[in-house]
Amino acid sequence: MGVEICYSDAYFVVVNKPAGILVHKTNMAIDEKVTLMQRVADQLGRKVYPVHRLDKGTSGVNIFSLDARTSEMFRRMFVEKRIGKIYFAVCRGWLTDEVLVEYPVKTSTLATRVAAVTRIIPLATAEIDVPVGPYEKSRYTLIQAEPHTGRWHQIRQHCSHLRHPIAGDKRHGDYRHNAMFSTQFSVTNVMLHAGAVTFEHPYQLRRITVNAAFPAHWRLVLDTMGWKQHPAIAPFISF
């Protein structure tokens, strides 16, 4: 099955990254046999250049340029914060108020912290009759997250900092809720989806927004929580 292409032209493509696959090989995963970059290159029959990288467990919009010049243009756009990003996540507990999180996060080496800013907007809450730990019921919040910086695991670390970790997050999350999501919903990756990117086309000087639909493993979660009809996520529902 091919990678879903959400947008393409002569300069770049935007694909819907499946959860559980690396964008490209890294020093920490040099033996990874299958990467999104290779799958997209094989599908298009040409070399592609990743201009940013989602975490392995995260699904959603990922941009690949088709030449080195365009790759550099996108790199500058990211550095200059001219690309808007919208993510959706399922968090433990009830988060009721919008918050701008300005909290330094750890780097991938864990040796230091760097400044990071994320706007987190609660969209809906739910309580389900599934016990976790000492509680007879479990509470969750569907959030929209808008990162203003692009740090390692930024949204995941910021949600954990708020004590509302993302379900399925093995590094920053709650193992009890992760286990419940695995049992009840067959979820094996973090419940974090990159829903949309917005930017000015580097050559055509027009503003574009590209959406990526939720992957299949979100369906049962959204149905069970009663969130599937929420207007904020309607453009991202294809099931």
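Read left to right, the sequence shown gives residues 120 to 358 (the working numbering). Glycine is no exception: its CB is placed at the ideal position from the N, C-alpha and C atoms. All values reported here derive from a predicted model rather than from experimental measurement.
May I ask you to list the residues that DSSP assigns as paired with residue 284? Sequence index remark: in the sequence shown, residue 284 carries index 165 (1-based). Paired residue(s): none; residue 284 is not in a bridge.
My understanding is that residue 167 touches residue 183, with C-beta atoms under 8 Å, so please give their C-beta distance in whole angstroms. The sequence position of residue 167 within the sequence shown is 48, counting from 1. The sequence position of residue 183 within the sequence shown is 64, counting from 1. Indeed they touch by this definition, with Cβ atoms about 4 Å apart.
Three or more beta-carbon pairs under 8 Å between the segment 258-266 and the segment 235-244, yes or no? yes
Proximity below 9 Å, CB of residue 313 to CB of residue 178: Here residue 313 refers to the residue found at position 194 when the sequence shown is read from its first residue. Here residue 178 refers to the residue found at position 59 when the sequence shown is read from its first residue. Contact: yes.
Determine the DSSP secondary structure at residue 333, reduced to helix, strand or coil. Indexing the sequence shown from 1 puts residue 333 at position 214. Residue 333: coil per DSSP, three-state reduction.
What are the start and end residues of each continuous alpha helix (DSSP H) run of 4 or more residues lying completely inside the segment 290-314, in chain order? 294-304
Given this structure, state the Cα-to-Cα distance separating residue 207 from residue 251, to the nearest angstrom. Taking the sequence shown and counting its residues from 1, the one referred to as residue 207 is at position 88. Taking the sequence shown and counting its residues from 1, the one referred to as residue 251 is at position 132. Distance between the alpha carbons of residue 207 and residue 251 is about 23 Å.
For residue 318, the nearest candidate out of 173, 297, 180, 157 (CA to CA): The residue you call residue 318 lines up with position 199 of the sequence shown. The shortest C-alpha separation from residue 318 is found at 180.
Those runs of the alpha helix (DSSP H) which lie wholly inside the segment 169-207 and span at least 4 residues: 187-198
Have a look at residue 344 and residue 249 and give me their C-alpha separation to the nearest angstrom. In the sequence shown, counting from the first residue as 1, residue 344 sits at position 225. In the sequence shown, counting from the first residue as 1, residue 249 sits at position 130. In a straight line, the C-alpha of residue 344 is about 12 Å away from that of residue 249.
Cβ atoms of residue 292 and residue 270: under 9 Å apart, would you say? Here residue 270 corresponds to residue number 151 of the sequence shown, with the count starting at 1. Here residue 292 corresponds to residue number 173 of the sequence shown, with the count starting at 1. No, they are not a contact pair.
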